[in-house]
Amino acid sequence: MSRIECRYETEILDAVASGRWPDRLDAELRDHVSSCGICSEVAMVSALYRDEYASAMDQVRVPTAGLVWWKAELRARREAVRVASRPITLVTGIAGAGTIAVLAALLLGYSKQIDLAAVSAFFLALPMVLWLALAVILAVTPIALYFVYSDE
Amino acid sequence: MIMRDITLSELELLRPRTEDTDDTLQMDQESFGAFYERTARPVWAYLWRRTGDGHLADDLLQEAYYRFLRARVAHENETHRRNYLFRIAANLVNDNHRRQPVPLELPEEGKPGHPVSDFSIGLQSQRRADLDRALVHMSSRQKDALWLAYAEGSSHQEIADTLGLKVGSVKLLLFRARRKLVKLMGGPMVAVKGKS
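Here it is as structure tokens:
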């Protein structure tokens, strides 16, 4: 397997970081770099990136720590409110759906003169329908709760 | 309807509850301020250089610190904390690139979208343009590793912590990334053969 590192790498990196590369490099290291593929690559890449870093640092314009903290605090508080209001949303939704269902049943009852005794008799005769409805509610509730409590 | 008087205890409840927020932010403001002063500039430089967009770097910087503050991670020391922050920043950059893939060729220098233009002149400018074009053909992980190793001066262990790799993998990653970059830039500039 070919070599992937050289024991002089650290010295090359130090030389580049301290500005000794390439002009003030000592003779021994200079000779080594000219004959070592890994070190010549390390020297070239690290010199390039040192320049890049210096240029990037010239461009830096960061907000103050206080501003970043304040924004984070505000966002954390907003998220806490959102999480805390999820059960309220759920209860409101269930209450709304229940109200609509009751109103619809009443309206239907008045408009079509549904015989409630007949409805009761139907469920007594076919209790499976009632169990089926209950099973659907039991299956759907956890899914609804998952969507309410899961993160976006 | 008559409004009743508000009590002192009710007023207390209305006061912003900063102590609760401190619990969710996993750090107190003073410690954060000190940590931010030490890390914000290099993190911004990394974000700016990887995205080529100052405004995006600003947004990602805020997001990186927010995620850092919300993460329930026990940091062993300052280095670990810093590496963790860079890890978040690297993930944000990569997520952003996945959503908005970078163009195969970078815009020419002086055109909109080029990350460096105003202050780069002469040879340095040419080298930077060459580097930009070369980096387009490298993977995000290679770019991250090169930046951390040669711009930040991070050790192999620190890079491994930041990128979630083993030290051996980092050495191989750096070796291959260096070789590819040098090849893409037309071979090593052996400055030692003459005095450049």
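So the sequence lines, in the order shown, correspond to chains A and B.
For the first sequence, our numbering begins at 66 and goes up steadily by one.
For the second sequence, our numbering begins at 478 and goes up steadily by one.
Just so it is clear, CB atoms sit at the ideal spot from N, CA and C, and this is done for glycine as well.
N-terminal and C-terminal residue of the alpha helix (DSSP H) that B:P519 is part of: Q506 to T528
Cβ pair count under 8 Å reaching 3, the stretch 561-573 of chain B against the stretch 524-536 of chain B: At 8 Å Cβ cutoff, the stretches touch.
Same chain only: Cβ atoms within 6 Å of A:T164, ignoring 5 sequence neighbours per side: none
Where the alpha helix (DSSP H) through B:D535 begins and ends: G531 to R547
Start and end residues, alpha helix (DSSP H) containing A:P128: Per DSSP, A:P128 belongs to no alpha helix (DSSP H) and is neither H nor E.
Candidates B:S617, B:R604 and B:A611, of which the one nearest A:S120 by Cα: Just measuring C-alpha positions, the residue of B:S617, B:R604 and B:A611 sitting nearest A:S120 is B:R604.
Continuous alpha helix (DSSP H) stretch holding B:D621: start and end: S617 to L623
Amino acids of chain A, ordered along the chain, whose beta-carbon sits closer than 9 Å to that of B:K648: I69 and E70
Sub-8 Å separation of A:V226 and B:L658 beta-carbons: For residue 226 of chain A there is no data in the structure shown, the boundaries of chain A being 66 and 217.
Contact check, B:A541 vs B:L562, beta carbons under 8 Å: yes
Assumed close pair B:T528, B:V570 - CB separation to whole angstroms, cut-off 8 Å: 6 Å
Per-residue contacts from A:W196 into chain B (C-beta, under 9 Å): What A:W196 touches in chain B: nothing, since even the nearest Cβ is about 44 Å away.
Per-residue DSSP class, three states only, for B:F596: Its pLDDT being 47, under 50, B:F596 is placed unreliably by the model, and nothing is read from it.
Separation of A:Y211 from A:A204, as counted between CA atoms: 12 Å
Residues that B:A566 contacts on chain A, provided the C-beta gap is smaller than 9 Å: Neighbours of B:A566 on chain A: none; closest Cβ ~13 Å, over 9 Å.
Pairwise C-alpha distance: A:W134 and B:Q503: If you take the alpha carbons of B:Q503 and A:W134, they lie about 12 Å apart.
Contact between the stretch 140-150 of chain A and the stretch 111-118 of chain A (3+ Cβ pairs under 8 Å): no
Own chain partners of B:D621 with C-beta closer than 7 Å, once the 5 adjacent residues on each side are dropped: A567 and L640
Span of the alpha helix (DSSP H), counted from its first residue to its last, around B:G645: V644 to L661
Of the listed residues B:L623, B:N573 and B:S616, nearest to A:E117 (C-alpha basis): B:L623
C-beta contact flag for B:A626 and B:L642 at 8 Å: no
Runs of alpha helix (DSSP H) wholly within the stretch 84-109 of chain A (minimum 4 residues, chain order): 92-100
Anticipated Cβ contact below 8 Å, B:A611 with B:L661, distance rounded: With 8 Å as the limit, B:A611 and B:L661 qualify as a contact, their Cβ atoms being about 4 Å apart.
Terminal residues of the alpha helix (DSSP H) in which B:Q503 lies: First-last for B:Q503: undefined, no H or E at that position.
Proximity of A:E106 and B:R656 at Cβ, strictly below 8 Å: yes
Contact set for A:F187: own chain, Cβ-Cβ below 7 Å, skip 5 residues either direction: none
Pair within 8 Å by beta-carbon distance, A:V127 and B:L538: yes
For B:A551, the three-state DSSP class (helix, strand or coil): coil
First and last residue of the uninterrupted alpha helix (DSSP H) at B:H633: Looking at the DSSP string, the run of the alpha helix (DSSP H) that includes B:H633 is H633 to L640.
For A:L181, the first and last residue of its enclosing alpha helix (DSSP H): L181 to A190
CA-to-CA distance, B:R549 to A:P192, given in whole angstroms: 51 Å
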